[in-house]
Amino acid sequence: MTMEFQRKRIAIRAIFAATLTLLAAAVVAAQAPPGAPQSQAPSPAQATPPPEAHLSLDRAIELALQHNHSLLAARATIDENRAAEVTAKLRPNPVLSWDAQFLPFFSPSAFSVDYLKNNAQFDIGLSYLIERGKKRQRRLDAARDQTAETAATVSDNERTVTANAAQQFIQALQAKANVELAQMDLDSFQNSVQISQARYNAGDISEGDLLKIKLQLLQFQMDLSSARLAKLQALAALRALLGFESVPENYDVDGELTYQPIQLNVDDLKLLAMRNRPDYRAAQLGVAAAQSQVTLAQANGKHDLTVAADYSHLGGVNTGSAFFNIALPIFDRNQGEIARTRFAVTQAQETQSVFSETVLTDVTDAYQNFRTNDEVVKLYNSGYLQQAQDSRDISEYAYQRGSASLLDYLDAERSYRAAQLAYRQALASYMLAVEQVRQAVGTRSLP
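If you read the sequence shown in this note's numbering, its first letter stands for residue 676, the second for the next number, and so on.
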């Protein structure tokens, strides 16, 4: 009787709750204004977030070269130098002069046409500065050499931005691969947890072993969360490098960590770098620009000539005059500036030697780094990676059938995960080493 009574109470409560729900719905419908649209569930198209934009490596480099603000600021210096070329090739302006003398301002009664004609003096003249020593041509040559050096420096900035974009893209690829690995490991281990729960229910394992398995599942979940955070940070850093306005917030990198073996020769790389490195080319152009400054300083040591022609009206007589003046180069012959620019040539030549050594050192370091990472990836592909996976699979198979201990299975699982993470790190390091070689030689086309 007691159980029957409880069932009736539960049924009455359910009917009462359903009645209240229907009454509330009716009240809301009655209060709604006529013709008001009823709320509808969002359609699948509305509920689905917009698709992600996928970014390839080539597209990332293209966007970086187009939208990186530091690079755009550097490119503006080329336009500044070209504007300086316009200034350098300008000729001096002629000078127009006019004067009136002996006007009777303090004796107004003396003002008359006859006085102005016979007593006042009027002069009008035109003068022009004649530059000697081909100063205008020397200024223009120096400005053009400076523009060429600046353009090479900006090209080196583009090389740096390209390398940074490629490296950051590879780091984003690595973070993406780690997320996929963490998700795959979590799914696999959840299957092991389910099997362990079934074995515990059947009495095959103890509660302590089951708790250890579940605690290990927490580690897998934490690894997945950490991997997702690392991926978000890598994508944010890449977006900052490319320009926030050029990439949507909801985007992802497209590609995989892959090993593509290439054959490189260090001597060929050095020759390629000496031909293509824009920083070394900028150092060479810096020597030419310094020599242009010496030529300009020598031209500035030549003093200019000023010529003028005047027309004068005095005492009713119209006359003409011709003038010229030039500074005598007795003391100032621009000796200090000529000496300074010659020392600047020596400095530029030494800077070129420094960049030559830097280029060769960068190529050597990049080549050795490439060889080391190439050997590491080959070691993993030679069998170690497969052995770690086989060990994990065997331990998992044996544990699920009660032929292996929990500690052996967890140890094999940890070794497999460590090997997989290390392999992905090795692939990323190899791809970064290839990018370092490209940066060292100054071109993305390797021999």
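Using N, Cα and C, we set each Cβ at its ideal position, and we do this for glycine too.
Remember, it's a predicted structure, so these values are computed and weren't measured experimentally.
Asked: In chain order, what residues of the same chain have a beta carbon less than 7 Å from the beta carbon of residue 696, not counting five sequence neighbours either side?; Found: Summary for residue 696: the model assigns pLDDT 47, below 50, so the residue's position carries little reliability; its value from the coordinates is reported in the next sentence. Within the same chain, residue 696 has no close Cβ partners at all.
Asked: From this set, 1111, 1061, 1106, which residue's C-alpha is nearest residue 1091's C-alpha?; Found: 1061
Asked: What does the alpha-carbon distance come out to for the pair residue 943 and residue 1122?; Found: 7 Å
Asked: Please list, in chain order, all residues of the same chain as residue 987 whose beta carbon is under 6 Å from its beta carbon, the five residues on each side excluded.; Found: 798, 994
Asked: Quick check on residue 940: does DSSP put it in helix, strand or coil?; Found: coil
Asked: Taking the C-alpha atoms as reference points, what is the distance between residue 824 and residue 757?; Found: 12 Å
Asked: Going by DSSP, name the residue or residues bridged to residue 994.; Found: 987
Asked: Beta carbon of residue 1118, beta carbon of residue 916: below 8 Å?; Found: no
Asked: Rounded to a whole number of angstroms, what is the C-alpha to C-alpha distance between residue 841 and residue 908?; Found: 16 Å
Asked: Excluding the 5 residues preceding and the 5 following residue 838 in the sequence, name in chain order all residues of the same chain whose CB lies nearer than 8 Å to its CB.; Found: 1110, 1111, 1113, 1114
Asked: For residue 849 and residue 1099, which I take to be in contact (beta-carbon distance under 8 Å), what is that distance rounded to the nearest angstrom?; Found: 6 Å
Asked: Return the Cβ separation of residue 910 and residue 847 in integer angstroms, given the expectation that the two are a contact with Cβ distance under 8 Å.; Found: 6 Å
Asked: Classify residue 1011 as buried or exposed, calling it buried when 16 or more other Cβ atoms lie within 10 Å of its own Cβ.; Found: exposed
Asked: Can you check whether the CB of residue 939 is closer than 8 Å to the CB of residue 1042?; Found: yes
Asked: Between which residues of its own chain and residue 980 is the CB-CB distance below 8 Å, once the five residues before and five after are set aside?; Found: 804, 805, 807, 999, 1000, 1001
Asked: Sorted by chain position, which residues of the same chain lie with C-beta nearer than 6 Å to residue 759's C-beta, five sequence neighbours on each side aside?; Found: 818
Asked: What do you get for residue 923, buried or exposed, if any count of 16 or more other CB atoms within 10 angstroms of its CB means buried?; Found: exposed
Asked: Near residue 1004, what residues of its chain come up, given a Cβ to Cβ distance below 7 Å and the 5 sequence neighbours on each side ignored?; Found: 978
Asked: Which of helix, strand or coil does DSSP assign to residue 1021?; Found: helix
Asked: I'd like to check one pair, residue 951 with residue 976: are the Cβ atoms closer than 8 Å?; Found: no
Asked: Given this structure, state the Cα-to-Cα distance separating residue 705 from residue 927, to the nearest angstrom.; Found: In this predicted model, residue 705 has a pLDDT of only 42, less than 50, meaning its place in the structure is not dependable; the value taken from the coordinates is given anyway. So the two alpha carbons sit approximately 49 Å from each other.
Asked: In this structure, does DSSP put residue 1000 in helix, strand or coil?; Found: strand
Asked: Helix, strand or coil: how does DSSP classify residue 899 here?; Found: helix
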